[in-house]
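Chemist: By the count of the numbering used here, the sequence shown reaches residue 249 at its end, each step adding exactly one.
For glycine and all other residues, C-beta sits at the position ideal for the given N, C-alpha and C.
Okay, handing you the structure first.
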Amino acid sequence: MTSRRAFLRTLGCGLAGFAVGGPTLFAQASGARTYKVARGDTLGVIAARHGVTVTALKIANGLKSDRILIGQVLTIPGAGPSGVLKDVVDATTSLRIQRGRWRYVVLHHSGIEAGNARSYGAAHKRRGMENGLAYDFVIGNGKDSGDGEIEIGPRWLKQIDGGHVRNAFYNTHGIGICLVGNFENRRPGARQMESLTALVDWLRDDAPLGARPKFTVHRWVDKNHTLCPGRYFPYAEMKKRYG
Ligand SMILES: [Zn+2]
């Protein structure tokens with residue numbers, strides 16, 4: 007395992023230079039939006055407008071032909087605030103989770119605007135973390151993964167300790183969530199926050215954890231060590247929501 011000193015040196019939450027690209031190794035939580043068909047719309051036009059393929063549209067809506075009707079409500083597959091948890095819920099349902107283990111949700115920012123679960127995982131591995139991606143979940147900013155897309159990391163799927171904080175207790179009992187971005191420079195995006203609150207609400211209220219994890223952030227866990235998740239993260243709002 008990575009030592010605490012190695013953690014300081016290697017992970018932080020302000021790593022630059024992550025490699026990006028290539029096929030993702032992680033389960034993707036693709037949310038769904040809806041769209042009401044208007045006069046003149048074709049599947050091709052709707053698909054192009056939402057950045058999805060006609061095939062994906064047809065599969066998502068169980069369409070056997072290209073025929074659509076004015077006023078028909080179509081499900082648009084892809085990242086989005088509604089239904090964004092579907093893959094997380096599906097993946098978690100099949101896991102064996104130790105009851106009462108997860109007592110905290112620990113929020114992070116990545117400290118950089120580029121990257122996704124795959125590239126952060128590769129960087130963490132290169133820097134000595136044998137289990138790769140230090141977080142359980144990564145929520146995209148629309149650059150290298152969808153805006154508000156929730157990527158599920160291998161540590162969650164294997165239910166092993168995180169590597170996202172110095173404090174070992176919180177790595178064992180804390181679910182690490184990382185928002186892509188540098189919130190020393192800007193606020194998190196609206197979609198990212200919607201996905202974050204949807205995920206945390208679900209983890210606290212509905213997930214089969216046998217406990218109600220408390221919400222916290224990296225800088226409150228590793229005091230005087232990090233600014234993560236940055237000065238523009240809406241701490242007061244989250245404190246109000248989660249106590
Ligand atoms: Zn952090």
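1) From this set, S100, I183, L163, which residue's C-alpha is nearest V171's C-alpha?
2) Return yes when the C-beta of H130 is under 7 Å from any heavy atom of ligand 1, and no when it is not.
3) What does DSSP give as the partner residue(s) for K220 in the beta ladder?
4) Considering Cα atoms alone, identify which of S116, A44, R39, Y141 is closest to L91.
5) Are there 16 or more other CB atoms within 10 angstroms of the CB of I166, so buried, or fewer, so exposed?
6) Buried or exposed: where does F32 fall if 16 or more other Cβ atoms within 10 Å of its Cβ makes it buried?
7) Does the beta carbon of F221 sit closer than 8 Å to a beta carbon anywhere in chain C?
8) Drop a sphere of 10 angstroms on the beta-carbon of S125, count the other beta-carbons inside from all chains shown, and report buried for 16 or more, exposed for fewer.
9) Report the option in I74, R105, V144 whose CA atom is closest to the CA atom of G117.
10) Would you grab the beta carbon distance between E157 and G146 for me? Rounded to a whole angstrom, and I think it's under 8 Å.
Modeler: Put simply:
1) The residue given as residue 171 occupies position 165 in the sequence shown. The option with the nearest alpha carbon to V171 is I183.
2) Along the sequence shown, read from residue 1 onward, the residue named residue 130 stands at position 124. For ligand 1, not one heavy atom lies less than 7 Å from the Cβ of H130.
3) Against the sequence shown, residue 220 aligns to sequence position 214. According to the DSSP secondary-structure assignment, K220 is paired through a beta bridge with Y110.
4) Here residue 91 refers to the residue found at position 85 when the sequence shown is read from its first residue. Checking every option, the nearest Cα to that of L91 belongs to R39.
5) Counting from 1 along the sequence shown, the entry for residue 166 is found at position 160. Exposed, because fewer than 16 other Cβ atoms sit within 10 Å of the Cβ of I166.
6) Indexing the sequence shown from 1 puts residue 32 at position 26. In this predicted model, F32 has a pLDDT of only 38, less than 50, meaning its place in the structure is not dependable; the value taken from the coordinates is given anyway. By the neighbour-count rule (16 or more Cβ atoms within 10 Å), F32 is buried.
7) Annotation note: the requested chain C is absent from the structure, which comprises a single protein chain.
8) Translated into positions along the sequence shown, residue 125 becomes position 119. Result: buried.
9) By one-based count along the sequence shown, residue 117 stands at place 111. Nearest option by C-alpha distance: V144.
10) Taking the sequence shown and counting its residues from 1, one reaches residue 157 at position 151. Taking the sequence shown and counting its residues from 1, one reaches residue 146 at position 140. Contact flag correct, Cβ pair sits at about 7 Å.
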